[in-house]
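Chains as they are written, first to last, in the working numbering: chain A, 1 to 278; chain B, 1001 to 1429. We treat Cβ as the ideally placed atom computed from N, Cα and C, and that holds for glycine.
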């Protein structure tokens, strides 16, 4: 009987702390949403934490189809993400399986060397990469944006390799006895067993490519191939932040990622348990 | 499940097939005129609209040349520039500012305007010409000029005369006014003035009008930072820091150090009486202020009213494939007719002297007297803007220390000396 109120108090405090954490985490998004529903004049004349008065959808109208339309950038971003998703998943699965199961000379050295490229900051390679692409005539083209990361990433290969090494060898041996070659084993045994980790990898790829900024900024010029991140940054001028437009653009840009997370929420949770990835 | 996976793959593949098709039009790749294409890169979308009108007039007179604008907004401009220089993909003409031009001049990236367009130089604002003269030559066509003045909230200031405020010394008329206009007692804080870490609008005005220096003599190529050893600069800085931390007539440095818009927003929200800033904020204030306001001359100090005049130039790519056409467009941009469109839109203050009247006319049409800006631009006693091949690097090295000084965490004299030494070390690296 005595411990009841104490436990209740403990739970209450726990929830209070969690609630405070939730408020802290969600407040920036709420502030962004509120700002996107204000008129620029209100933002300039009143304190930041006031409610929109009047509530306006003009910022969304502007970024959806008005003077500052981001629709072309949205289409480009979707194209880039789709192509990179397919390319990275296919290539990473093939490479990871080779590193996990196949034997070939220099395997460890090659894998170590490939992983070591993760340690090189992007800014170090960006100018040489740009020069190569510019000389190849790929500046300001779709393929200029996607080619550098189309063939997988070290992180994806590492993640999948670790997972593939955990797939029981007996299963693969059984498939071999049934006459399967390497590719069929990969397709019919290993990949189906790896759906959770592939789902995680897909989400990571989509989110990272959706938010990619530096390379699309460098390799593109003008509106034809600019991605959402570049187009949103371009809404700001030197002396005018255009915050109402920027917050409308970021709210819209965030929506597909939130939807994606809600869609595959369970798979991600499963894969965290499966892969130990956090 | 397999069917589903196949469908998903087919869907993704279809998406991939669509890849390579953009629904956006690129104005820079439009091939309507058939003339020699000269690409012009800039970062300001309001000036872009003025340029479009200007280039339409240019094409009528020069049908064989087709200038096309390539917008790279400010946020991305300086990230792209090094890659374009390295990749040999610079446009024919591009805007640059003083912090980012010296290093490219030294590497031979830009056309020498003193040699290519010697007859045009007399028509350009002298202070901007001097700012972009390096090794005895001018390296770009002056396009915009920032002039500094005092935005006044007439409703808060009332009958107080703020047309010639003097700071410092026994005749300090500024501080009493700033104190009288400050009110921190109510729920809403009212600031008298926008002292803060704003080199262009605040710091250089105080240093210059106290007879202090920031760097060595630009004309003789001395880029060394001197502000920490110059006691007049230190005294000016002490005055500005005191306005924030001792007299409390200005917002906290915690608010303004990393948010360049804070003071402007306080002014447009009616919470600041005097806001010293430049022509670059005129349109923002005009669009946002919901109270009576006007423009007065900037503050005067012990040695007079000394301000920095900071310009933007259009440079020509030394490796352009169409040098004659590029020079013709540059010449047009430096002419009264070509630059007149900039002022006529009210978007920015032209650095072509004869075109400046159009700016005055535009704002007079809006009911705003911008004469204090014109007077500031015409002044000859000016504080030189930051200069040197590695001006940006030097500035970045000093920034963090100077921000600590403004926060009151490092004594002014010590902090300025540290910042000066850090900046000098950075430009030597």
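C-alpha distance - residue i paired with residue j, whole-angstrom precision
i	j	result
residue 48 (chain A)	residue 36 (chain A)	12 angstroms
residue 264 (chain A)	residue 168 (chain A)	26 angstroms
residue 1031 (chain B)	residue 1040 (chain B)	In this prediction, residue 1031 (chain B) scores a pLDDT of 47, lower than 50, which makes its location untrustworthy; the coordinate-derived value is nonetheless stated afterwards. Cα-Cα distance, rounded: 15 angstroms.
residue 1227 (chain B)	residue 1174 (chain B)	24 angstroms
residue 1137 (chain B)	residue 1258 (chain B)	35 angstroms
residue 1192 (chain B)	residue 1266 (chain B)	11 angstroms
residue 1077 (chain B)	residue 1111 (chain B)	20 angstroms
residue 215 (chain A)	residue 1429 (chain B)	28 angstroms
residue 1048 (chain B)	residue 111 (chain A)	50 angstroms
residue 1088 (chain B)	residue 1109 (chain B)	10 angstroms
residue 1263 (chain B)	residue 1223 (chain B)	31 angstroms
residue 1161 (chain B)	residue 1399 (chain B)	35 angstroms
residue 181 (chain A)	residue 266 (chain A)	33 angstroms
residue 1126 (chain B)	residue 1304 (chain B)	20 angstroms
residue 60 (chain A)	residue 1392 (chain B)	37 angstroms
residue 1395 (chain B)	residue 143 (chain A)	38 angstroms
residue 1079 (chain B)	residue 5 (chain A)	60 angstroms
residue 107 (chain A)	residue 99 (chain A)	7 angstroms
residue 159 (chain A)	residue 25 (chain A)	28 angstroms
residue 1417 (chain B)	residue 1204 (chain B)	17 angstroms
residue 150 (chain A)	residue 136 (chain A)	17 angstroms
residue 1206 (chain B)	residue 1141 (chain B)	29 angstroms
8 angstroms contact criterion, which residue i and residue j should meet: CB distance rounded
i	j	result
residue 1340 (chain B)	residue 1358 (chain B)	5 angstroms
residue 1389 (chain B)	residue 1102 (chain B)	4 angstroms
residue 1407 (chain B)	residue 1254 (chain B)	7 angstroms
residue 1250 (chain B)	residue 1151 (chain B)	14 angstroms between Cβ atoms; not a contact.
residue 1386 (chain B)	residue 1214 (chain B)	7 angstroms
residue 1050 (chain B)	residue 1345 (chain B)	4 angstroms
residue 1042 (chain B)	residue 1065 (chain B)	At roughly 18 angstroms, the Cβ-Cβ gap does not stay under 8 angstroms, so residue 1042 (chain B) and residue 1065 (chain B) are not in contact.
residue 1155 (chain B)	residue 1292 (chain B)	5 angstroms
Nearest residue (CA-CA) to residue i, options the options
i	options	result
residue 247 (chain A)	A:261, A:259, A:231, A:262	A:231
residue 1083 (chain B)	A:53, A:94, A:133, A:110	A:133
residue 1086 (chain B)	A:20, A:218, A:159	A:218
residue 251 (chain A)	A:57, A:21, A:13	A:57
residue 72 (chain A)	A:224, A:23, A:21, A:38	A:224
residue 1256 (chain B)	B:1297, B:1355, B:1246, B:1202	B:1202
residue 1338 (chain B)	B:1221, B:1249, B:1062	B:1062
residue 1488 (chain B)	B:1306, B:1291, B:1315, B:1290	Because chain B in this structure spans residues 1001 to 1429, residue 1488 (chain B) falls outside the shown range and cannot be described.
residue 1149 (chain B)	B:1378, B:1066, B:1099	B:1378
residue 88 (chain A)	A:5, A:12, A:200	A:200
residue 84 (chain A)	A:207, A:44, A:114	A:207
residue 75 (chain A)	A:227, A:166, A:213, A:154	A:227
residue 1211 (chain B)	B:1270, B:1308, B:1280, B:1045	B:1308
residue 145 (chain A)	A:23, A:81, A:62	A:81
residue 118 (chain A)	A:154, A:135, A:139, A:138	A:154
residue 1325 (chain B)	B:1053, B:1092, B:1060	B:1092
Continuous beta strand (DSSP E) stretch holding residue i: start and end
i	result
residue 1146 (chain B)	1141 to 1146
residue 1312 (chain B)	1310 to 1316
residue 1360 (chain B)	Premise fails: residue 1360 (chain B) lies in the alpha helix (DSSP H), 1356 to 1365, not in any beta strand (DSSP E).
residue 74 (chain A)	No beta strand (DSSP E) contains residue 74 (chain A), which is instead part of the alpha helix (DSSP H) from 71 to 101.
residue 1332 (chain B)	Unbroken run through residue 1332 (chain B) is the alpha helix (DSSP H), 1323 to 1333; no beta strand (DSSP E).
residue 1042 (chain B)	1036 to 1042
Residue i - containing alpha helix (DSSP H), residue span
i	result
residue 1072 (chain B)	Careful: residue 1072 (chain B) lies outside any alpha helix (DSSP H) and carries neither H nor E.
residue 144 (chain A)	142 to 150
residue 125 (chain A)	122 to 135
residue 1054 (chain B)	1045 to 1061
residue 168 (chain A)	Careful: residue 168 (chain A) lies outside any alpha helix (DSSP H) and carries neither H nor E.
residue 1341 (chain B)	1336 to 1344
residue 1416 (chain B)	1412 to 1428
residue 1172 (chain B)	Segment: none, residue 1172 (chain B) is in no alpha helix (DSSP H) and carries neither H nor E.
residue 1401 (chain B)	1391 to 1406
residue 1193 (chain B)	Taken as a continuous stretch (DSSP letters only), residue 1193 (chain B) belongs to no alpha helix (DSSP H), as it is neither H nor E.
residue 1371 (chain B)	1371 to 1378
residue 1205 (chain B)	1204 to 1208
residue 111 (chain A)	107 to 116
residue 1166 (chain B)	Here residue 1166 (chain B) belongs to no alpha helix (DSSP H), and DSSP marks it neither H nor E.
| Length at least 3, wholly inside the segment 1228 to 1298 of chain B: the beta strand (DSSP E) runs in chain order | Taken in chain order, the unbroken stretches of beta strand (DSSP E) that lie wholly in the segment 1228 to 1298 of chain B and span 3 residues or more are 1274 to 1278, 1293 to 1296.
| message | Give the list of continuous alpha helix (DSSP H) stretches no shorter than 4 residues that lie fully inside the segment 29 to 68 of chain A. | response | 40 to 45, 58 to 65
| What runs of the beta strand (DSSP E), each 3 residues or longer, lie entirely inside the segment 1065 to 1128 of chain B? | 1065 to 1071, 1093 to 1096
| What alpha helix (DSSP H) runs, 4 residues minimum, are completely inside the segment 174 to 235 of chain A? | 182 to 185, 195 to 210, 214 to 219, 228 to 233
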